[in-house]
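For the sequence shown, position 383 (counting from the first letter as 1) is numbered 383 according to this note's numbering, and the numbering increases by one without interruption. Here's the structure we're looking at; comments come further down.
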Amino acid sequence: MNNRQEVKIISKLLLSAMLCTGATTYAQSKIGDFIESTSYNIQSRGQERQLSYRPIDNAFVSFNGKNRYTRALYSNTCSDFRLETSDRPVFATFKRNDMHNICFLLEVEGKTYSLDSLTSCRAVYDCARRTYTLKDNCIGNAELHISVLMAADREEALWQIAMVGNKNPKEVGIIAKLSPIARPKLNRRGDIGVDPYGSFEASTKRGPEAISHFVLTDTLYLSFATGTKKINTNKELQNKYLEAEKHRQSIAQNLVISTPEPWLNAVGGALSAAVEGIWDGETWLHGAVGWRMPLAGWRAGYTGDLMGMPSRAQSHFDAYANSMVTDVEPTLPHPTQDPKTNMARAIKQWGTQMYSNGYISRFPNQRNNMHHYDMNLNYIDELLDHFDFDARPETLRRYWTVIKSHLAWEKRNYDPDNDGLYDAYCCIWASDALYYSGGAVTHSTAYNLRAFRAAARIAEILSEDPTPYQKEADKIQRAIDAKLWMADKGYWAEYLDYNEANIHADAALWSVYTPIDCHVGSESQRLSATRYVDQHIPHIPVKIKDYDGSLGNIDNLCTISTSDWMP
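Right, here's the structure in full:
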């Protein structure tokens, strides 16, 4: 891998994270994506907050943290089972229709102490493992060490608990409580931030499902497996834990980042675990936080080759190539819009320009599902990235028909007037609530420019005629320069109205980094566009209070808004 590829990969990771920033309005109607755009943190806006985590030894560390159920450990079995961990040792499990809260108490000389309330807690997240070091007067100078991870080959969470430095042994026990969660009907499978705070806490309306007592004389191994109704211990758990730790270490080696920036270095292990967690055995799924919904793309496909998983990458691309419609001719004219959605979406009927040959359905290996997103555009862009790692002619030939069909589909749906500029509808992460109404859009046009250029090169390698693809790419570049590049301002517009009456000059971030990523224009144009971000896009100050001051001056921080407007 060359330096340019490395920079591109890191930029994709960082920019994908930036897209998670969203805007919230206060008087919303409960339509569309209301749930995911609802904020439960409005009361914290504008307030100084304490730094929750710091990077230490390529891991994320908190001291006496307060966040609960915010770091998931995923099953290694390609299932939806996961364990939500907290900054203190309190946990919750998620599996559809089977969710539990798990808390532990320390029993010392007949008195009990909740582990999430002990005086001192150092918590570490290190690639699919959460560890805790606990101190409290109730155990004198000793430390309680807890480590939790997922079994290597089954839906099971494993705990290792040990008392270290206990020079004056006291009678110590562990009490485990398994309880139903407070809000069993979760939205979007418990995706973080979607449901009210406390949804994973133990129910106050129903008592514990099971209470188990264990003696802590040496290292104690506990487990919770799906289908069981209590926390268990047995002689086999130590070996299971060691096997799980060996598997975890192999995952951690998938991506190792080494830079002078400790925050970025710590991301490597977290990304390795996240990518492992969203694999369903065939495709990468939608998100790495908790919402495991299969969608054709949304940037997950970029991760396979980057993480050293070429066979998984090919499996993913094959599964969605098999979802491309190939036997439905487009017989209905463009546009054929649905009056039930105020003409904002194509009517769901086979034979429209949208739902016809070239359309990639929502689910892997299924061609009969209609959904309103344009997943094609990112899927093809991910596939082109795959060719950066595997450009063998047999690989290119494998997907050549898919690429050709996609380009024809994209052209007739989003550039029906054949001017070389493309409309955009729900084709990037930021798409929700973006409508361009047939206009000429920078980010979608940039994706298509890259795709047609790549198609011309692939055609040459496969001894096909590259001319039509190169001509379209040249047309797109000329059209961008003539109508979307604002020479007097030095950056690309967000979009041009359908009737070309108005050019929308206030570009969002995706209208800067997407054309740069797709090599639109000259290097001087790309550099100029970045200055627009520096000078025009709002930089929102971030006020952080470090808990012990060891990080020095952390006042000059900011987050960059995705735009200076709200859709």
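Don't be surprised by glycine CBs; every beta carbon is placed ideally from N, CA and C.
- Looking at the DSSP output, His504 bridges to Tyr495.
- Glu494 places its beta carbon less than 8 Å from that of Ala507.
- In this structure, Ile560 and Leu509 form a Cβ contact; the two beta carbons are roughly 7 Å apart against a cut-off of 8 Å.
- Arg367 and Arg392 have their C-alpha atoms spaced approximately 28 Å apart.
- Rounded to whole angstroms, the Cβ separation of Asn76 and Ser52 is 27 Å, and the two are not in contact under 8 Å.
- Taking one beta carbon from each stretch, the stretch 115 to 124 and the stretch 56 to 63 have 3 or more pairs nearer than 8 Å; the two touch.
- Counting of Cβ neighbours within 10 angstroms places Ala321 among the buried residues, the total reaching 16 or more.
- For Gly490, there is no enclosing beta strand (DSSP E), as DSSP marks it with neither H nor E.
- The Cβ-Cβ distance between Leu496 and Ala440 falls below 8 Å.
- A distance below 8 Å separates the beta carbons of Pro310 and Phe389.
- In the DSSP assignment, Ser179 forms a beta bridge with Asn101.
- In the DSSP secondary-structure assignment, Ile211 is bridged to Lys177.
- In the displayed model, Ala225 falls within a strand according to three-state DSSP.
- Looking at the backbone, the Cα of Leu264 and that of Ile257 are separated by about 7 Å.
- Of the residues assessed, Asp80 falls on the buried side of the cut-off, its CB having 16 or more other CB atoms within 10 angstroms.
- Residue range Glu143 to Met150 is occupied by the beta strand (DSSP E) that includes Glu143.
- In this structure, the beta-carbon distance from Asp87 to Cys103 does not fall below 8 Å.
- In this structure, Phe200 is the residue among Phe200, Lys230, Leu383 and Gln353 with its C-alpha nearest to the C-alpha of Ala72.
- Of the candidates His519, Asp465, Glu394 and Asn342, Asn342 places its Cα closest to the Cα of Ser437.
- For Glu500, the closest of Asp423, His100, Pro184 and Tyr513 by C-alpha to C-alpha distance is Asp423.
- In the DSSP assignment, His539 falls within the beta strand (DSSP E) that extends over His539 to Val542.
- Residue ranges of uninterrupted alpha helix (DSSP H) with 4 or more members, entirely inside the stretch 292 to 356 and ordered along the chain, are 303 to 306 and 310 to 321.
- Residue burial annotation: Arg49 is exposed, with fewer than 16 other C-beta atoms found within 10 angstroms of its C-beta.
- Annotated three-state conformation of Arg122 is strand, per DSSP.
- A contact is defined here as three or more CB-CB pairs under 8 Å, and the stretch 185 to 201 fails this definition with respect to the stretch 146 to 163.
- Only buried fits Gly521, as 16 or more other CB atoms lie within 10 angstroms of its CB.
- For Ile560, no alpha helix (DSSP H) segment is defined; the enclosing uninterrupted segment is the beta strand (DSSP E) at Leu557 to Ile560.
- By the 16-neighbour rule on beta-carbons within 10 angstroms, Tyr435 is exposed.
- Assignment of Leu237 by DSSP, reduced to helix, strand and coil, places it in the helix class.
- Apart from the 5 residues on each side of it in sequence, Gln47 has no Cβ closer than 7 Å to any other Cβ in its chain.
- Val512: member of the alpha helix (DSSP H) spanning Trp510 to Asp517, first to last residue.
- Remark: C-beta atoms of Asn365 and Ser323 approach each other more closely than 8 Å.
- Spatial neighbours of Glu84 in its own chain (CB-CB distance under 7 Å, excluding positions within 5 residues in sequence) are listed in chain order as Tyr69, Ala72, Phe91, Ala92, Phe94 and Phe200.
- Of the candidates Arg457, Gly301, Lys483 and Asp195, the residue whose Cα lies closest to the Cα of Ile181 is Asp195.
- Per DSSP, Ser44 lies in no beta strand (DSSP E) and is assigned neither H nor E.
- Counted as a single uninterrupted DSSP element, the alpha helix (DSSP H) harbouring Trp263 occupies residues Pro262 to Gly277.
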